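As given, the protein sequences belong to chains A and B, one line each in that order.
Going by my numbering, the first sequence opens with residue 24, and the numbers climb by one from there.
Going by my numbering, the second sequence opens with residue 24, and the numbers climb by one from there.
Note that CB positions come from ideal geometry on N, CA and C, so glycine has one too.
Bear in mind the structure is a predicted one, so any value in this text is a computation, not a measurement.
Number of protein chains: 2
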Amino acid sequence: MATLSDISVSASINSLSAFLFLVAFAILRLQPMNDRVYFPKWYLKGIRENPSTSGPLVKHFVNLDVRMYLRLLNWVPAALKMPEPELIDHAGLDSAVYIRIYLLGLKIFVPIALLAFGVLLPVNYTGGNFSIMSLNMKDITFGEIDKFSISNVPPASKRLAAHIIMAYFFTFWTCYMLYKEYKIVTDMRLNFLASQKRRPDQFTVIVRNVPSDPDESVSEHVEHFFRVNHPGQYLTHKVVYNANKLAKMVDKKKDLKNRLSYYTNKFERRPNKRPTTKTGFWGLWGKKVDAINYYDEEIDKLIKEEKAERERVIGDPEAVVPAAFVSFRSRWGAAVCAQTQQTRNPTRWLTAWAPEPRDVYWNNLAIPFVELSVRKLVMAAALFGLIFSFMIPIAIVQTLANIESIEKVLPFLKPIIEKGPAKSFIQGYLPGIVLKIFLLILPMILMQMSKMEGHFAVSDLEARSAAKYHLFLLVNVFLGSIVTGTALEQLKEFLNKSATEIPRIVGVSVPMKATFFITYIMVDGWAGVAAEVLRVVPLILYHLKNLLLVKTEKDRDEAMDPGSLLWPITEPRLQLYFLLGLVYSTVTPILLPFIIIFFAFGYLIFRHQIINVYNQKYESAASFWPDVNRRIIIGLIISQLSLLGLLSTKKAANSTPVLVVLPILTFWFHKFCQNRFESAFRKFPLQDAMIKDTLERATEPQLDLKDYLKDAYTHPVFKGGEVALMDIDEEVDEHHLVATKRKTSRKGSQAGTSEGSPEDRTGIYAV
Amino acid sequence: MATLSDISVSASINSLSAFLFLVAFAILRLQPMNDRVYFPKWYLKGIRENPSTSGPLVKHFVNLDVRMYLRLLNWVPAALKMPEPELIDHAGLDSAVYIRIYLLGLKIFVPIALLAFGVLLPVNYTGGNFSIMSLNMKDITFGEIDKFSISNVPPASKRLAAHIIMAYFFTFWTCYMLYKEYKIVTDMRLNFLASQKRRPDQFTVIVRNVPSDPDESVSEHVEHFFRVNHPGQYLTHKVVYNANKLAKMVDKKKDLKNRLSYYTNKFERRPNKRPTTKTGFWGLWGKKVDAINYYDEEIDKLIKEEKAERERVIGDPEAVVPAAFVSFRSRWGAAVCAQTQQTRNPTRWLTAWAPEPRDVYWNNLAIPFVELSVRKLVMAAALFGLIFSFMIPIAIVQTLANIESIEKVLPFLKPIIEKGPAKSFIQGYLPGIVLKIFLLILPMILMQMSKMEGHFAVSDLEARSAAKYHLFLLVNVFLGSIVTGTALEQLKEFLNKSATEIPRIVGVSVPMKATFFITYIMVDGWAGVAAEVLRVVPLILYHLKNLLLVKTEKDRDEAMDPGSLLWPITEPRLQLYFLLGLVYSTVTPILLPFIIIFFAFGYLIFRHQIINVYNQKYESAASFWPDVNRRIIIGLIISQLSLLGLLSTKKAANSTPVLVVLPILTFWFHKFCQNRFESAFRKFPLQDAMIKDTLERATEPQLDLKDYLKDAYTHPVFKGGEVALMDIDEEVDEHHLVATKRKTSRKGSQAGTSEGSPEDRTGIYAV
């Protein structure tokens, strides 16, 4: 086990790397050539434009203004300055609520840490379990840090009452904060929805599993069904074509166009030599041809194929999938249809709110109900396999944490790794970073699995991926580290144990793994968050694209990759910190400050990123909050059960009935939250729909809704645009607005005053 | 522990008592004077009338036709003969589906028993664990019955694989049968709903938690809200008055009237002496007065008070509770309103389908949301207390089962109880019957608790009571018997055990308690069901009332108490048999035949009772089935966990991962059933509503719906009728129909032919 000095080494390494990342960021962000990497959000909003072209050429790329470098940290107050309502306006509600999770972490853990340090630390430290044994046993099992943990309290001690009382207090405090936050987020969501402008999804419902009819096409069937069952409300509908093949062609065309412009650029720079390429895979082998001509021809060929396919899809009734977007005359009609059951068979004519057009995941609209539930079962089994086959590599990694094991397996390494810094590095840094690499490739697999499950909205896909990732982190990082980390050979034995033994085993191991998790928090939390702000990968990619592909301003816009929050990865990770904080709050409170630093640092960094960088792909109006709330409650219950398991081995058996009450109460709290708040995230109240409808009829009596909705739910490939760009192009309203703004607020980023419009004013936050 | 001979004694006693009950029933039911006790359903239907008054007087009371007595069992084929569609027509869907639960028990357990007897019994019997020890240890711990149970298989034996494989088979078979049954019941429900006649609740929604408005009364507020938010659909509404005090007065008046008619009858029989009574409590003390005059005056006084109260309630705006019944122009409008959320605050304007008028529980309509959730928490805590304070008396009762304990405590009893039959009686019969008495008073308490929880439909109240009772039986009868039954002194130790140990303790004790549960099945199941058919209490009460109160035919109608199914008691008990069957199917399969006999016998008896006796208070169209399905699944999961616990002590640790899969799969099956079927029980599809609406508009264009709904949801006390009689009077349509039928089918019970209307034909089943 690691000692306190190991932890200090690790803390220094991680703080240093975090600091270096921040310094690098502070310098890089000032260079005009990186402007589009660090402030893409403002470019997308049309407020920021390319740095002025006056002055010497070098000024385009490097910032020579020395005074700027003196204010290395001036982005910090800028990131914190923007008030929340403007943040919502600027970046959307999802982002604004996302950073509230970090704030919630602080609200929960700062008071808990203060109390734990005031009460539990003295109780533990004077517990005296190791005061006698520590001399000879220290090197075998426990490190110094255990003096501050519950391990230092001898079995059957009266002192354990303090931990039980604290467990109650921590539970009530956490629930209280969760309740308050749920209430706030619910209000934010409802106000946000109420103030939204007209959007196609407000009028539209998605209907799936349209039963086939021998006499009618899908389109006729849908129209008749809704005309009959929603008379007076039905307006129009849009059938869904299976255009997956066509979408692939469009993607391929885009790729070919990129290659063409690469070679065109190359030729323009060196006009004396026509670039060549090979026709085979990735241009690596095959016949050597003139690149520009070759890709020109390929593109022409593809355009013809694409045209044929486009005609086939539209003409072929087989290409129509049994799903449709049905639009209503009013929001009220759509709200009614989305919330009611249409027929007696709950597997047919399934209606739900249509996702935003840019949120639709088109490939999955055609899956029938039975296949869906089979897919879900198969994916659940696959997830189970994935989670439990990952156990093995993780367990191997964890043995690295145990320096004694390495010496036993590879004795010749002993002289090297026994040296102070090397030993500390291996014990403090390596296990965390290897685990991290494992976890990097995982989210893509999980997203793919979610797609297989058949959800039809990107937001759903992300929510499901997040749920899977959360489960994975729970089992493999938390449970896996705790149980197998103690010793690899325990794994097999553990599998043979009765299922009822697990909480006890977990409870016992928890205090022993405190140092590992402290290291993990520093590597994954501190340094990881600092790396996020530096945006190394987008930085390199942007400059590469700029060098090879960019010709026009439009190309440069496309080369810019603002990225987004990556909800399915970041949220479950955040949950891991909540879990760790809650589990260790009663056991080893010394871990809490590390968590608090993580939350504070993350809040700062992500607030900055949201303001300046990320461009969310869709807006779900914080519909993820019930998941966040539920997962924190899961963490709370796990912390209670592990304490229960731990105390049952401390010969404090009387405590079991007292502690069993806690998870029950917590579960009741969960149910209460569900009843009180969740419907605000799942349903759309009729009164609000009616108010918006009435208002609209009064202000815009001439509105031709049918025309407005005409192309909203057309598959992106039929709009003639590029698939990948649809995310941005789709925001017709917003774009339009921005285009007119551009003229008035060209210097918005410098000249913003408090009298300006919100868009103007937001300029001042992007220093 | 009981031996096989104890069980045979118990089986004989119980079979005999069951047989005696049946003989008594067979004789009593033939007596004309008991006709209204054993065939009240037919009287209520108007098909059966008083026995003809010709012939000697004695024939009115006693059946002298000897031939009838020779066919003692001719009610059995009669009970089985009525086909299901007619049964639904005759007794309602709830009853028809209820007896399907017994059938489901047979469908599940007969194949399981066959397989268990074919495979597990030989495996266990030749296991040989006790073949050596049985000589000296038999009298201490195990009885002969254990030779057929898993206890006879030695630890770590390969034979245990048979039990695991069987556990898999039993699980899949049970789930398959559950799925099939769920599908059938769903179809039955939907067809039943589709074929129903026009009823007020089809057009009506109940809205609760109407927010108070300073400018408007509740009635105005409701009208404005629904006029605005359901334009074109809103028809009318009915506010709810807090008439609880008035209802009490009406009840009291009825009681006084009963007393008056008692004394009037008395006076008529002995005209020479005016009856007297005392004015105090129950006429036991106080001033002596002339009874008839006294009650005449009291009734007059009460009528005046009642009138004043009636006027106060209608006039006083404070007497209006913030709830209302809102009726719509169409079923479609009601379906929309019931299924949607009205406002952004999910605690206000809560809408739900209105229960049938006779199903409304008026007292609870006024409770606000926050109070509701507090009430629920308080009742949950009370239920917890109730369940765990009941542990103690049950544990005391259970020690009675252990004859050795009695001898230890009361050594002087030894010579008496050591005698063969006495010992068998004590061991085999007593524990079951004492437990039974405990359980008799419980349902009333639970119903009272459900009322406190604030449900507003009688069907909900019954469902919630059933849920509580189910939990109670699970903890106290099942777990309580298993754990504390082994030895009372283990109870305290058990409470101090870690929560994780419980499945193991349960698993180990399960095989030891097989004999106890066999006895329990015979007492509660066999004899209990037989006692049900005899209807001792209603029999006595009817004759008492007949003697004291009845003057007119209407009085006789009122004296008749058909009773109803008592869903909140019978269903959870049934579930206990499912649980026992599933738990013991792998452990001690010898218990299964007792379960099968119970289900078969219960099916027969309850089918008879439903046809001839019970008059259901309301019709929920089998809305309870999701509960039934869920509880059988809970039983299945408990059986899997207890097997898991048992095998983990049998040194068959490798089996744990294999067996852990089962509860997971079972849970997935539960979720699948929910998705596939449950909405048919909770929602009302718009298409069906639209079809019925359209049909009605076509066939009855002149229908004045407002007039039809006018008084449907008036509090019964405002209808001038008696509260208690509302249950029957409310069935206006049916009654009306029956009244016209009466003339045509006076001799329906004898002359029914297959060409007759359904009502006519049902006559032939009441022999």
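- Excluding its 5 nearest sequence neighbours in each direction, B/Asn-386 has C-beta neighbours in its own chain below 6 Å: Asn-267, listed in chain order.
- Between A/Asn-232 and chain B, the shortest Cβ-Cβ separation is not below 8 Å.
- For the C-beta of B/Lys-706, the chain A residues within less than 9 Å are, from N- to C-terminus, Thr-363, Gln-364 and Pro-369.
- Excluding its 5 nearest sequence neighbours in each direction, B/Ser-118 has C-beta neighbours in its own chain below 7 Å: Leu-588, Ile-633, Tyr-637 and Gln-639, listed in chain order.
- Excluding residues up to 5 positions away in sequence, Ala-346 and Leu-373 lie with their Cβ nearer than 6 Å to the Cβ of A/Arg-231 in the same chain.
- Every alpha helix (DSSP H) stretch that sits fully inside the region 260–296 of chain B and reaches 4 residues is listed by chain position as 267–292.
- Counting only Cβ-Cβ distances below 8 Å, A/Leu-400 has contacts in chain B at Trp-691, in chain order.
- Per DSSP, the continuous beta strand (DSSP E) segment holding B/Leu-373 begins and ends at 373–376.
- By the Cβ rule, the region 713–733 of chain B counts as touching the region 219–226 of chain B, because three or more pairs are nearer than 8 Å.
- For the region 331–389 of chain A, the full-length alpha helix (DSSP H) segments reaching 4 residues or more read 354–362 along the chain.
- Taking a C-beta distance under 8 Å as the contact criterion, B/Phe-42 and B/Ala-554 do not qualify as a contact pair.
- Contact between the region 615–630 of chain B and the region 540–550 of chain B is present: 3 or more CB-CB pairs across the two stretches fall below 8 Å.
- Separation of B/Phe-479 and B/Gln-54 (C-alpha to C-alpha, rounded to the nearest whole angstrom) is 42 Å.
- Here B/Phe-248 is buried. Its C-beta has 16 or more other C-beta atoms within 10 Å.
- In the pairwise beta carbon analysis, the region 318–335 of chain B is classified as not touching the region 188–201 of chain B: fewer than three pairs are separated by under 8 Å.
- Collapsing the DSSP output to three states places A/Leu-258 in a strand.
- Between B/Gln-256 and B/Gly-356, the beta carbon gap of about 3 Å places them in contact (Cβ cut-off 8 Å).
- Distance between B/Ala-358 and B/Trp-376, taken at the CA atoms: about 8 Å.
- Between A/Ile-464 and A/Leu-51, the alpha-carbon positions lie close to 28 Å from each other.
- Straight-line spacing of the CA atoms in A/Ser-284 and A/Ala-537 works out to 54 Å.
- Put simply, the backbone Cα of B/Ala-405 is about 21 Å away from that of A/Phe-195.
- Bridge partners of B/Thr-300 according to DSSP: B/Val-312.
- Under the criterion of beta carbons closer than 8 Å, B/His-493 and B/Pro-595 qualify as touching, at roughly 4 Å.
- Shown here, B/Thr-149 sits in coil according to DSSP, grouped into three states, outside any helix or strand.
- Between the alpha carbons of A/Asp-382 and A/Met-470 lies a gap of roughly 15 Å.
- Cβ atoms of A/Thr-737 and A/Lys-261 come within 8 Å of each other, at about 7 Å.
- Boundaries of the alpha helix (DSSP H) harbouring B/Val-241: 241–252, taken from the DSSP string.
- Here the region 655–667 of chain B lies against the region 194–214 of chain B, with 3 or more beta-carbon pairs under 8 Å apart.
- Within chain B, the C-beta atoms nearer than 9 Å to that of A/Arg-699 come from Pro-369, Thr-370, Phe-392 and Ser-396, in chain order.
- Residues of the region 210–221 of chain B that bring their beta carbon within less than 7 Å of a beta carbon in chain A comprise Leu-213, in sequence order.
- In the DSSP assignment, A/Thr-227 forms a beta bridge with A/Ser-350.
- Counting along the chain, no alpha helix (DSSP H) covers B/His-478, and no H or E run does either.
- Comparing alpha carbon positions, the residue from B/Ile-656, B/Ser-350, B/Ala-445 and B/Pro-612 closest to B/Pro-145 is B/Pro-612.
- Taking the C-beta atoms as reference points, B/His-631 is found nearer than 8 Å to B/Ala-102.
- Cβ-Cβ separation between B/Lys-706 and B/Pro-178: approximately 52 Å, too far for a contact (criterion under 8 Å).
- Separation of the CB atoms of B/Ile-135 and B/Leu-669 is rounded to 18 Å, and the pair is thereby denied contact status at 8 Å.
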